[in-house]
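Below you'll find the structure, written out as structure tokens, and then a few comments.
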Amino acid sequence: MVKCDICEEEHCLATQSCSACNKVVKKYQNKTKYPMDKLRDALIHAYSHKGTDNNESHFKCEYTGIVSKFNSKNETLGTSKDAFILTLDHKDSGSKELVVSLNIINKMKSDIPFDKFEKVVIALGEHFKNESEESSKELEKTLKQIFDGS
Ligand SMILES: [Zn+2]
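Here the sequence shown is numbered in my numbering, starting from 5 and rising by one per residue.
See the structure below:
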């Protein structure tokens, strides 16, 4: 028996990870965009628990704390339909660090670095709560501050 490098449960496969975790690893194998060591780091960091049938590993979204699963198929994800499917995201463009993110948040964030994304969402939220000419101007000012010189 060997310990799964991601969930630490014992398994008797010849792989680094147990079958449930390995399903996720395999999805991203041979994709140069995602180096395997960074992928494993992200999964170890985000691991939550096994599903009831012990067959699927659940992970926590870095940005929302919401626990969910990766897609079992290899189809392109729909924005709304697959909002809760987990994906991998470069937390900051240019950095190699990968994190686990809900598909909907990943799509919204696009390639904005996380600290800027956070500020944009907060500023937008303030505007949406009480939309007015005044809040538009305030939002414009904030957005210019966030994206100036980037
Ligand atoms: Zn595992």
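Don't be surprised by glycine CBs; every beta carbon is placed ideally from N, CA and C.
Cβ shell of residue i (< 6 Å), same chain only, five flanking positions each side left out
| i | result |
| --- | --- |
| His10 | First, the amino acid is wrong: residue 10 is Ile here, not His. These residues qualify, in order along the chain: Ser21, Cys25, Leu47, Ile48 and Tyr51. |
| Ser72 | Phe88 and Leu90 |
| Thr146 | Ala127 |
Residue from the options whose Cα sits closest to the Cα of residue i
| i | options | result |
| --- | --- | --- |
| Cys8 | Ser61, Pro39 and Tyr32 | Ser61 |
| His53 | Lys64, Asp45, Leu43 and Arg44 | Lys64 |
| Val28 | Gly98, Lys148 and Asn59 | Asn59 |
| Ser105 | Gly69, Gly55 and Leu147 | Gly69 |
| Ile109 | Gly98, Ser97 and Glu122 | Glu122 |
| Ala114 | Glu12, His94, Lys77 and Thr36 | It is Ser, not Ala, that sits at residue 114 in the sequence shown. Ranking Glu12, His94, Lys77 and Thr36 by Cα distance to Ser114 puts His94 first. |
Local conformation of residue i per DSSP, three classes
| i | result |
| --- | --- |
| Thr80 | coil |
| Phe132 | helix |
| Lys37 | coil |
| Phe74 | strand |
| Glu144 | helix |
Proximity test, residue i beta-carbon vs ligand 1 heavy atom, cut-off 6 Å
| i | result |
| --- | --- |
| Cys16 | no |
| Cys8 | yes |
| Cys65 | no |
| Ser21 | yes |
Close beta carbons around residue i, own chain, < 8 Å, minus the five adjacent residues each side
| i | result |
| --- | --- |
| Tyr38 | Tyr32, Leu92 and Leu102 |
Three or more C-beta pairs closer than 8 Å, one from the region 77-91 and one from the region 136-143: is that the case here? no
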